[in-house]
Amino acid sequence: MTARRVLVAAIGAALALSAAGCVSSGGSTSTDAAGGGTGWATAASAQAGGGFDALVAAAKAEGQLNVIALPPDWANYGAIIKTFGDKYGIKVNSANPEGSSQDEINAVQQLGTQDRAPDVLDLGQSFATGNTPLFAPYQVQTWDSIPAGNKDAGGAWVNDYGGFMSIGCNAKLVPVCPTTFADLAKPDYAGKVALNGDPTQAAAAFAGVWAAALANGGSLDDISPGVAYWSKLAKGGNLLKVDPTPATVESGQTPIVLDWDYLNVAQAEKVKASFEWKVAVPSDGLFAQYYTQAINKNAPHPAAARLWQEFLYSDEGQNLWLAGKARPVRLQAMTDAGTVDKDLAAALPPVSGEPKFPTQAQTDAAQKIVAEGWSGATS
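Residue numbering for the sequence shown is -19 to -1, 1 to 360, as defined by mature numbering (1 follows the signal peptide of the UniProt record, and there is no 0).
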């Protein structure tokens, strides 16, 4: 639970520091030299750039990778960053870890070819599909095992990890934890139910509105019942207008939190010595979504950027996301191939039913409805 997915936020100190950085040509000069004349800034695959070994050599020569908006406690990113850095001897510079998808896009646009610009991006789906001109197409070696619906055909973006909207609950403070959206509307939960952020700004909160819509007669084409549902909870006093964080959970300030299952499950492990944080995936509003990877077309370390993608979509990288309780995009392919960590897969919260995945057109329409109606409905 973090402010990472706030969609509209100031970049603040991270950008101020970045703006002071030296301007470069996008980092291709050192990479070309390291890659024997190969321009990794335009290579659409490792093979196109001279092979995987050449990519590794060029990335090591660059020696650095700039990432942004990757909190270490989000989907196991702390371990992922450390493992990558140790494996290849590359220093990972992590900017604005509590930032948002919009912050990432802002950084790409405002920093241009500066050497502090982000090399790679981890974005909400709509931010990826809406900004493809900013990205460098690239297909990792495991490209064929990624479902077609989870990647741009040209390689501009690829889904990486995801999860289901879930209900986290402090069993020490809440005698009977809710397991459905119908439960959350009960008077027992007055002043206890928090969304992870503002749905006009945060992807997780926006998903909570859409899941509520599915539980209340809405559909992927109609999110308005979700807005009406949260309006009811706000007017009835159940909606707690506090952005949840690990600190608010541990203090008891946010006893019930709507968030992705991998974040709620990770929270449960953190607090298990003090209290039980129960996690349920509501069957009446089953909603799932992936986050998305992309490479900045002006990446100052283009070889390291591509090697990072190769790592994330390798069996090793995918299992590291699984260790963070997130569902990696190659989960089914790895299960079929026997390369998935079976114990980690077995630890995922049980899910009953088929998840709903919106199209981009449906997402755009839903975001417009929420942006126009949320404030008035819940004030």
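Built from N, CA and C at the ideal position, the CB exists for glycine as well.
These figures come from a predicted structure and were not determined experimentally.
For A328, count neighbouring C-beta atoms within 10 Å of its own C-beta (all shown protein chains included) and say buried if the count is 16 or more, exposed if not. As a working note, residue 328 is residue 347 in the sequence shown. So A328 counts as exposed.
Taking the runs of the beta strand (DSSP E) that are 3 residues or longer, which of them lie wholly in the segment 97 to 147? Correct list: 101 to 105.
For a test of the three-state rule: what should DSSP assign to A248, helix, strand or coil? Residue 248 sits at position 267 when you count from the first residue of the sequence shown. Per the sequence shown, the amino acid found at residue 248 is Gln instead of Ala. It is helical.
Sufficient close CB pairs (3 or more, under 8 Å) joining the segment 154 to 169 to the segment 268 to 283: A contact between stretches requires three or more CB pairs, one per stretch, nearer than 8 Å, and the segment 154 to 169 fails this requirement with the segment 268 to 283.
Counting only runs that start and end within the segment 255 to 337, where is the beta strand (DSSP E) found for 3 or more residues in a row? Runs of the beta strand (DSSP E) inside the segment 255 to 337: 258 to 261 and 269 to 276.
Cβ neighbours of L221 in the same chain (closer than 7 Å, five flanking residues each side left out): Within the sequence shown, residue 221 is the residue found at index 240, counting from 1. For L221, where only same-chain residues beyond five positions count, the Cβ hits under 7 Å are G172, K173, V174, A175 and T235.
Simplified DSSP assignment, three categories, for I61: Counting from one through the sequence shown, the residue named residue 61 turns up at place 80. Correct three-state label for I61: helix.
Quick check: the Cα distance between P263 and G198, rounded to an integer number of angstroms? On the sequence shown, residue 263 is found 282 positions in, with the first residue counted as 1. On the sequence shown, residue 198 is found 217 positions in, with the first residue counted as 1. Those two C-alpha atoms are separated by around 15 Å.
D84 lies in the beta strand (DSSP E); which residues open and close that run? Taking the first residue of the sequence shown as 1, we reach residue 84 at position 103. D84: not part of any beta strand (DSSP E); member of the alpha helix (DSSP H) spanning S82 to L92, first to last residue.
Going by the beta-carbon positions, is the gap between D296 and F162 smaller than 8 Å? As a working mapping, residue 296 is identified with position 315 in the sequence shown. As a working mapping, residue 162 is identified with position 181 in the sequence shown. With contacts defined by Cβ atoms closer than 8 Å, D296 and F162 do not form a contacting pair.
Simplified DSSP assignment, three categories, for D345: The sequence position of residue 345 within the sequence shown is 364, counting from 1. Under the three-state reduction of DSSP output, D345 falls in the helix class.
Taking 8 Å as the threshold (C-beta atoms), are N140 and D240 in contact? Here residue 240 is taken as the residue at index 259 of the sequence shown, counted from 1. Here residue 140 is taken as the residue at index 159 of the sequence shown, counted from 1. With respect to the 8 Å criterion, D240 and N140 are not classified as neighbours on the basis of their beta carbons.
The alpha helix (DSSP H) that contains W211, what's its start and end? Position 230 of the sequence shown holds residue 211. Here the alpha helix (DSSP H) through W211 covers S205 to K216.
Spatial neighbours of A137 within its chain, please: C-beta separation below 7 Å, excluding the five flanking residues on both sides. Counted from its first residue, the sequence shown places residue 137 at position 156. Sequence-distant Cβ neighbours of A137 in its own chain, meaning closer than 7 Å and more than five residues away, are T113, F116, P118 and A275.
Could you name the residues of the same chain whose beta carbon sits closer than 8 Å to that of S232, not counting the 5 residues immediately before and after it, in chain order? The sequence position of residue 232 within the sequence shown is 251, counting from 1. Cβ neighbours of S232 beyond the five flanking positions: none.
Measure the C-alpha to C-alpha separation of G20 and N277 and round it to an integer number of angstroms. Within the sequence shown, numbered from 1, the residue matching residue 20 stands at position 39. Within the sequence shown, numbered from 1, the residue matching residue 277 stands at position 296. Approximately 15 Å, taken between the alpha carbons.
Which of the three DSSP states, helix, strand or coil, is assigned to G172? In the sequence shown, counting from the first residue as 1, residue 172 sits at position 191. The answer is coil: DSSP assigns G172 none of H, G, I, E or B.
Buried or exposed: which applies to V190, given that a residue is buried once 16 or more other Cβ atoms fall within 10 Å of its Cβ? The residue given as residue 190 occupies position 209 in the sequence shown. It is buried - the Cβ of V190 has at least 16 other Cβ atoms within 10 Å.
Is the beta carbon of Y170 less than 8 Å from the beta carbon of A56? For the purposes of this step, residue 170 is taken as the residue at position 189 of the sequence shown. For the purposes of this step, residue 56 is taken as the residue at position 75 of the sequence shown. No, Cβ-Cβ distance for Y170 and A56 is not below 8 Å.
Between G93 and V101, what straight-line distance do the alpha-carbon atoms span, to the nearest angstrom? If you number the sequence shown from 1, residue 93 lands on position 112. If you number the sequence shown from 1, residue 101 lands on position 120. About 13 Å.
Quick one: what's got a C-beta closer than 7 Å to Q120's C-beta in the same chain, skipping five residues either side? Numbered from 1 along the sequence shown, position 139 holds the residue referred to as residue 120. Answer for Q120: A25, S26 and G136, listed in chain order.
What is the DSSP secondary structure of K41, counted as helix, strand or coil? Indexing the sequence shown from 1 puts residue 41 at position 60. Secondary structure at K41: helix, using DSSP grouped into helix, strand and coil.
Throw me the rounded Cβ distance for the V48 and V73 pair, which I believe falls under 8 Å. Position 67 of the sequence shown, counting from 1, holds the residue named residue 48. Position 92 of the sequence shown, counting from 1, holds the residue named residue 73. Correct: roughly 6 Å between the Cβ atoms.
Does DSSP classify I71 as helix, strand or coil? Here residue 71 is taken as the residue at index 90 of the sequence shown, counted from 1. I71 falls in the coil class under three-state DSSP.
Is the CB-CB distance between N245 and L165 below 8 Å? For the purposes of this step, residue 245 is taken as the residue at position 264 of the sequence shown. For the purposes of this step, residue 165 is taken as the residue at position 184 of the sequence shown. No, Cβ-Cβ distance for N245 and L165 is not below 8 Å.
To the nearest whole angstrom, what separates the beta carbons of A285 and Q45, a pair I think is in contact under 8 Å? As a working mapping, residue 285 is identified with position 304 in the sequence shown. As a working mapping, residue 45 is identified with position 64 in the sequence shown. A285 to Q45, Cβ: 7 Å. Contact.
Name the residue from E335, A35, T359 and S126 whose alpha carbon lies nearest to the alpha carbon of residue 361. With the chain represented from -19 up to 360, any question about residue 361 goes unanswered, as that position is not in the structure.
Give the single residue among D103, T64 and I71 whose Cα lies nearest to the Cα of S81. Walking along the sequence shown from the start, residue 81 turns up at place 100. That would be D103, whose Cα lies nearest to the Cα of S81.
Along the chain, where does the beta strand (DSSP E) containing V238 start, and where does it finish? Locating residue 238 in the sequence shown gives position 257, counting from the first residue. It spans I237 to W241 - the beta strand (DSSP E) in which V238 sits, taken as one unbroken run.
Let me know if S255 comes out buried or exposed under the rule of 16 or more other beta-carbons within 10 Å of its beta-carbon. Indexing the sequence shown from 1 puts residue 255 at position 274. Flag for S255 reads exposed.
Give the secondary structure of A186 by DSSP, where H, G and I count as helix, E and B as strand, and everything else as coil. Position 205 of the sequence shown, counting from 1, holds the residue named residue 186. In the structure shown, A186 sits in a helix (DSSP, three-state: H, G or I).
Tell me the DSSP bridge mates of I49? On the sequence shown, residue 49 is found 68 positions in, with the first residue counted as 1. I49 pairs with A76.
Comparing C-alpha positions only, which one of Q348, P227 and I86 sits nearest to W258? If you number the sequence shown from 1, residue 258 lands on position 277. That would be P227, whose Cα lies nearest to the Cα of W258.
Assumed close pair D242, V260 - CB separation to whole angstroms, cut-off 8 Å: By 1-based counting over the sequence shown, the position of residue 242 is 261. By 1-based counting over the sequence shown, the position of residue 260 is 279. With a contact defined as Cβ atoms closer than 8 Å, D242 and V260 qualify at about 6 Å.
In three-state DSSP terms, what is G149? On the sequence shown, residue 149 is found 168 positions in, with the first residue counted as 1. Residue state, collapsed to three classes: strand.
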